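Peer 1: Quick one: the structure is below, questions incoming.
Protein chains: 2
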Amino acid sequence: MKYQTPKGTRDFLPEEMGLRRGVINTLVSMYGIYGFKEWDGPAFEYLDTLVGKSGESIANEIYTFKDKGGRNLGLRFELTTSLARIIAGNPQLKKPLRLFNIGKVWRYEQPQAGRFREFLQADTDIVGSTSMLCEVELLTMAAAALKKLKVSDSTILLNNRKILEAQLRSVNIKDDRKAGALRALDKLAKIGIGGVKREFESQGIPMEQFEELMKWVDIDGNNQLKLDRVGRLLTNDKVGMEGVEELRQITNLLTESSLGMPIQINFSLVRGLDYYTGPIYEIRSINQKELGSFAGGGRYDQLIQTLSGQATSAVGISFGIERLIEIIKKRKGYSDIISPMEVFIGYPNQDALPVAFIAAKMFREAGITTEIDLTGRSLGKQLAYASAINAKYSFIVFSAEEQKLKEMASQKEETMDVASAISEIVKKK
Amino acid sequence: MKYQTPKGTRDFLPEEMGLRRGVINTLVSMYGIYGFKEWDGPAFEYLDTLVGKSGESIANEIYTFKDKGGRNLGLRFELTTSLARIIAGNPQLKKPLRLFNIGKVWRYEQPQAGRFREFLQADTDIVGSTSMLCEVELLTMAAAALKKLKVSDSTILLNNRKILEAQLRSVNIKDDRKAGALRALDKLAKIGIGGVKREFESQGIPMEQFEELMKWVDIDGNNQLKLDRVGRLLTNDKVGMEGVEELRQITNLLTESSLGMPIQINFSLVRGLDYYTGPIYEIRSINQKELGSFAGGGRYDQLIQTLSGQATSAVGISFGIERLIEIIKKRKGYSDIISPMEVFIGYPNQDALPVAFIAAKMFREAGITTEIDLTGRSLGKQLAYASAINAKYSFIVFSAEEQKLKEMASQKEETMDVASAISEIVKKK
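Residue numbers (this note's numbering), protein chains in the order written: chain A, 285 to 713; chain B, 285 to 713.
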């Protein structure tokens, strides 16, 4: 146990962390370009705040403790609860608000492949607008971020809670069976039609209802056709028709060509038994289906109201960074999102150190990533180290009068001073 | 309590968080330029790991809890313990290692002005080199980061544990009184000479020893003179002379002109009763003395050994981000480190929305920070909002045929298409 992390948690060594930082920086920069502003909250909340909203099933997964005043606290298990608390507690904030946060969350789950007790979430939310343009903005931004990370071999799946509910109504599934039916439907991609059927059976839902429902889910064709057909079936269900109209607005603006990736209406998408009230969506990898979805979200127009009493619409999308990183690791040449080491500065003896140190300062002031030898080992060993860390260049300081720039890949070297080396490197960037 | 954060913790709303993100990005970018690589560890550790190293005084400040397996855990109260555990547990990592981490830590302290129970630390460390060039690198990087943040009105104070110990030996303070004497001396800047004298009295240390010690502390003059005088007094103390030699190496390379800020040897600097074994340093604001130090660190050559049994030298510097931000907030025009909003896209009616949406996509693909109206409110209200969020430009989409770029400060507007607007904005950046 001596050097171990607590069960279900991990250390990140520099190589792994370089990739994580690359992903985080890409997301933060894309969030910025789309006009989203950052918020942050504490790692723990009052237990009441966490449990009140989520109910008992999640309560078992919260790390709880007391502070010295005997207050019950818990580590946050998602970011949305804290965001909803902040919005409810700060009515002075002008809406609509575009917000993002990237932070760690904790859940007492059974650790398994790709599932940890401490993991990173990246959330973006728009608060205070009922416009479907919110959904459009979030999905466009997510697609742009994935393009930047070169994982565009993904599909956006889209559904609407209002349509799901209308479907359950139309096949006459009783109110007390609805949650069970949705939970079963949510597993379709994992357990197949046979599996869903068995779930319906075990919950005592009549088979005619199962078969009726599957006809809805199975509607084929492109997004417009799907919406047309469901629209015809739901003509008399006002809420259901609202859902159809919402998806029509979204898919009118979001085409495959505007996103750079497919968007598919999928009437079996449920997204757990969460707080969603309108459109819901997930992003799945096409070539790594086994990883499931790595991003998802939806509209939650009632969550903030349960905290504040004040009706406040909200819509969000969340990246599961851990899965996203798993996907990135499987693409070739992913090191393009890791900051490279540009220059290693070597010197043959201590007499050259003051000049080498000034050279390092000049490279760095020019914004060039630079490392200087700290060991006083032989110049040969210094250069072997420069190769090992994949430095693009070595700059060797023999004396105040003589310095050389060496390109590590080609092993080409040329005598030149710091200023010339800097302009050479900047030119080739 | 409904919307509150747990006692001693804070929410960060977008305006505040923009500044924090600006500071974090500046530090991360400067760490990168200096060749430091990021690591990360979990928010909590086994309680044994945390307490083992730090002893009882800190143990009272740790948030502790058990996991479901009954294991004793604690939220980390600093980053260095986790780093030492990682280094001890990963002997395969090639040294010297340049590492950094920016993360939250938690302490059960009495909340007071500028002191919180959850706060952010930014640590950089070099592991596996005894060279004083490590100290030189860390202090140069810290000064460069402060220059970038425009808080160069600071002083670096420098001392060495080896000299402090030699001083205590030379005035014959007994071993069991040393910790108390150092603790008293550490408060000199806060409580003055009279205060330190009273502390010595209350600890029963003879007054002759206090007066002897103060003569050392009081040595005046520039750094070279100070080292010369202390060197003469310590000639027969081998360890003390090592300390003098170490500071000589550091101050030979680090001059006021190379740092862009003063560096002062100060023989009363102690830095708590921590694990330091060699040079120690602090950075203090010149114009905001009341805030005390906002960065500090030193060499800790024995900490990793206590965990691994393997002698491993290490040296670090840590920024207290909370105090650093307090200092930045008091300088005029600090908004220069916050990312600005560049373009707001407005449109007079829903017919113009699809064109406006494509325009937004084009600005964003050009890397321009862009917000599009989500409300469908009147164009006048949209432009008032653009002013309120300090957007530099508005781009108004009347139709596919007619668009205008408006510079918000001058209210100057001109009819032009998206491509022209992008090149206009990029040109003026």
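Note that CB positions come from ideal geometry on N, CA and C, so glycine has one too. Quick caveat, the model's predicted, so the values are computed rather than measured.
How would you list, in chain order, the residues of chain B whose beta-carbon sits under 9 Å from the beta-carbon of A:GLY353?
Peer 2: The residue labelled residue 353 of chain A in the question sits at position 69 within the first sequence. Those within 9 Å of A:GLY353 in chain B are LYS291.
Peer 1: Closer than 6 Å by C-beta to A:SER597: which residues in its own chain qualify, once you throw out the five before and the five after it? Chain order, please.
Peer 2: In the first sequence, the residue the question calls residue 597 of chain A occupies position 313. Same-chain partners within the cutoff: THR414 and ASP585.
Peer 1: Residues in the same chain with beta-carbon distance under 6 Å from A:VAL554, minus the five sequence neighbours each way, listed in chain order, please.
Peer 2: Walking along the first sequence from the start, residue 554 of chain A turns up at place 270. Excluding positions up to five away in sequence, the list reads LEU466, LEU469 and ASP470.
Peer 1: For chain B, find out if any of its Cβ atoms is closer than 9 Å to the Cβ of A:THR653; answer yes or no.
Peer 2: As a working note, residue 653 of chain A is residue 369 in the first sequence. Yes, A:THR653 counts as interfacial toward chain B.
Peer 1: Ordered along the chain, which non-local residues of its own chain (more than five positions away) have a Cβ less than 8 Å from that of B:ASP324?
Peer 2: Working through the second sequence from its first residue, we reach residue 324 of chain B at position 40. Cβ neighbours of B:ASP324 beyond the five flanking positions: ASN385 and GLY387.
Peer 1: Checking contacts by CB at 9 Å: is A:THR365 closer than that to chain B?
Peer 2: The residue given as residue 365 of chain A occupies position 81 in the first sequence. Not an interface residue.
Peer 1: Output yes if chain B places a C-beta closer than 9 Å to the C-beta of A:GLN288; else output no.
Peer 2: As a working note, residue 288 of chain A is residue 4 in the first sequence. Judged by the 9 Å Cβ criterion, A:GLN288 is in contact with chain B.
Peer 1: Determine the burial state of B:ASN674: buried for a count of at least 16 other Cβ atoms within 10 Å of its Cβ, exposed for fewer.
Peer 2: Taking the first residue of the second sequence as 1, we reach residue 674 of chain B at position 390. It is exposed - the Cβ of B:ASN674 has fewer than 16 other Cβ atoms within 10 Å.
Peer 1: Taking 9 Å as the threshold (beta carbon to beta carbon), is B:MET301 in contact with chain A?
Peer 2: As a position in the second sequence, residue 301 of chain B is number 17, starting the count at 1. Answer yes: the Cβ-Cβ gap between B:MET301 and chain A drops below 9 Å somewhere.
Peer 1: Listed from N- to C-terminal order along the chain, which residues in the segment 635-649 of chain B have their beta-carbon within a distance smaller than 9 Å of any beta-carbon of chain D?
Peer 2: As a matter of chain content, chain D is missing from the structure shown, whose protein chains are A and B.
Peer 1: Is it the case that the segment 442-455 of chain B contacts the segment 472-482 of chain B, given that we only count it when at least three CB pairs across the two stretches are under 8 Å?
Peer 2: The segment 472-482 of chain B vs the segment 442-455 of chain B: no contact.
Peer 1: Considering just the uninterrupted stretch of the beta strand (DSSP E) at A:TYR330, what are its terminal residues?
Peer 2: Here residue 330 of chain A refers to the residue found at position 46 of the first sequence. Where A:TYR330 is concerned, the enclosing beta strand (DSSP E) stretches over 328-330.
Peer 1: Candidates A:GLU393, A:GLN666 and A:GLY464: which alpha carbon is nearest A:ILE489's?
Peer 2: Reading the first sequence from its first residue, position 205 is the one you call residue 489 of chain A. Selected option, being the one with the closest Cα: A:GLY464.
Peer 1: Under three-state DSSP, which class holds A:GLU492?
Peer 2: Translated into the one-based positions of the first sequence, residue 492 of chain A becomes position 208. Of the three classes helix, strand and coil, the one that applies to A:GLU492 here is helix, per DSSP.
Peer 1: Whether or not the segment 528-545 of chain B and the segment 415-431 of chain B are in contact is what I'm after, with contact meaning three or more pairs of Cβ atoms, one per stretch, closer than 8 Å; do they touch?
Peer 2: Segments in contact, yes.
Peer 1: Write down every uninterrupted run of the alpha helix (DSSP H) in the segment 514-544 of chain A whose length is 4 residues or greater and which is fully enclosed by it, in chain order.
Peer 2: Qualifying alpha helix (DSSP H) stretches, in chain order: 522-537 and 540-543.
Peer 1: Is the segment 490-502 of chain B close to the segment 447-455 of chain B, with three or more CB pairs under 8 Å?
Peer 2: Yes, the segment 490-502 of chain B is in contact with the segment 447-455 of chain B.
Peer 1: Quick check: B:LEU591 and B:GLY336, are their CB atoms within less than 9 Å of each other?
Peer 2: Counted from its first residue, the second sequence places residue 591 of chain B at position 307. Counted from its first residue, the second sequence places residue 336 of chain B at position 52. Contact: yes.
Peer 1: Could you tell me which residues DSSP pairs with B:PHE349 in its beta bridges?
Peer 2: In the second sequence, residue 349 of chain B corresponds to position 65, counting from 1. Bridge partners of B:PHE349: B:LEU357.
Peer 1: Quick check: the Cα distance between B:GLY687 and A:PRO546, rounded to an integer number of angstroms?
Peer 2: The residue you call residue 687 of chain B lines up with position 403 of the second sequence. The residue you call residue 546 of chain A lines up with position 262 of the first sequence. A small fix is needed here, since residue 687 of chain B is Gln in this sequence, not Gly. So the alpha carbons of these two residues sit roughly 30 Å apart.
Peer 1: Which residues mark the beginning and the end of the beta strand (DSSP E) in which A:PHE296 is found?
Peer 2: For the purposes of this step, residue 296 of chain A is taken as the residue at position 12 of the first sequence. No beta strand (DSSP E) holds A:PHE296; DSSP gives it neither H nor E.
Peer 1: Would you report the Cα separation of B:ARG401 and B:LEU511, rounded to the nearest angstrom?
Peer 2: On the second sequence, residue 401 of chain B is found 117 positions in, with the first residue counted as 1. On the second sequence, residue 511 of chain B is found 227 positions in, with the first residue counted as 1. The straight-line gap from Cα to Cα measures roughly 40 Å.
Peer 1: If you follow the alpha helix (DSSP H) that B:GLU669 is in, where does it begin and where does it stop?
Peer 2: Looking up residue 669 of chain B in the second sequence gives position 385. Inspection of the sequence shows that residue 669 of chain B is occupied by Tyr rather than by Glu. From DSSP, the alpha helix (DSSP H) with B:TYR669 extends over 663-672.
Peer 1: For B:MET285, name the three-state secondary structure that DSSP assigns.
Peer 2: Within the second sequence, residue 285 of chain B is the residue found at index 1, counting from 1. Residue placement at B:MET285 cannot be trusted, given a pLDDT of 48 that sits under 50; what the coordinates show is reported in the next sentence. In this structure, B:MET285 counts as coil in the three-state DSSP scheme.
Peer 1: Below 7 Å between beta carbons is the criterion; list the residues of the segment 313-342 of chain B that meet it against any residue of chain A, in chain order.
Peer 2: Going along the segment 313-342 of chain B in chain order, one finds GLY316, ILE317, TYR318, GLY319, LYS321, GLU322, TRP323, ASP324, GLY325, PRO326, ALA327, PHE328, GLU329 and TYR330 with a Cβ nearer than 7 Å to chain A.
Peer 1: So, does the segment 621-637 of chain B touch the segment 662-672 of chain B, judging by three or more C-beta pairs under 8 Å?
Peer 2: The answer is yes - the segment 662-672 of chain B touches the segment 621-637 of chain B, with three or more Cβ pairs under 8 Å.
Peer 1: Rounded to whole angstroms, what is the Cα-Cα separation between B:LYS696 and B:SER313?
Peer 2: As a working note, residue 696 of chain B is residue 412 in the second sequence. As a working note, residue 313 of chain B is residue 29 in the second sequence. Roughly 36 Å separates the two Cα atoms.
Peer 1: Rounded to a whole number of angstroms, what is the C-alpha to C-alpha distance between A:THR653 and A:LEU608?
Peer 2: On the first sequence, position 369 is the one that residue 653 of chain A refers to. On the first sequence, position 324 is the one that residue 608 of chain A refers to. Cα to Cα, A:THR653 sits roughly 27 Å from A:LEU608.
Peer 1: Using a beta-carbon distance below 9 Å, is B:SER436 in contact with chain A?
Peer 2: Here residue 436 of chain B refers to the residue found at position 152 of the second sequence. So no, B:SER436 is outside the interface.
Peer 1: In the structure shown, what three-state DSSP assignment does B:LYS434 receive?
Peer 2: Your numbering for residue 434 of chain B matches position 150 in the second sequence. Note: B:LYS434 maps to coil in three-state DSSP.
Peer 1: Along the chain, which unbroken stretches of the alpha helix (DSSP H) at least 4 residues long are found entirely within the segment 577-602 of chain B?
Peer 2: Complete alpha helix (DSSP H) runs here, min 4: 587-592.
Peer 1: What does the Cβ neighbour count give for B:GLU509, buried or exposed, with the cut at 16 atoms within 10 Å?
Peer 2: Residue numbering aside, residue 509 of chain B sits at position 225 when the second sequence is read from its first letter. Residue identity differs from the one stated: residue 509 of chain B is Leu in this sequence, not Glu. Looking at its Cβ environment, which holds fewer than 16 other Cβ atoms inside 10 Å, B:LEU509 is exposed.
Peer 1: In the segment 404-435 of chain B, which residue ranges form an unbroken alpha helix (DSSP H) of at least 4 residues, counting only runs that do not cross its ends?
Peer 2: If we require 4 residues or more, the alpha helix (DSSP H) runs fully inside the segment 404-435 of chain B come out as 417-432.
Peer 1: Find the residues of chain B that neighbour A:THR659, judging by a C-beta separation of less than 7 Å, and give them in chain order.
Peer 2: Residue numbering aside, residue 659 of chain A sits at position 375 when the first sequence is read from its first letter. What A:THR659 touches in chain B: PRO380, SER413 and SER415.
Peer 1: Looking only at its own chain, which residues have a Cβ that is under 6 Å from the Cβ of B:GLY581, when we skip the five neighbours before and after it?
Peer 2: Position 297 of the second sequence holds residue 581 of chain B. The answer, listed in chain order, is GLY600, ILE601 and SER602.
Peer 1: Is B:ARG382 closer than 9 Å to B:TYR318 when the C-beta atoms are compared?
Peer 2: Locating residue 318 of chain B in the second sequence gives position 34, counting from the first residue. Locating residue 382 of chain B in the second sequence gives position 98, counting from the first residue. A contact, by the Cβ cut-off of 9 Å.
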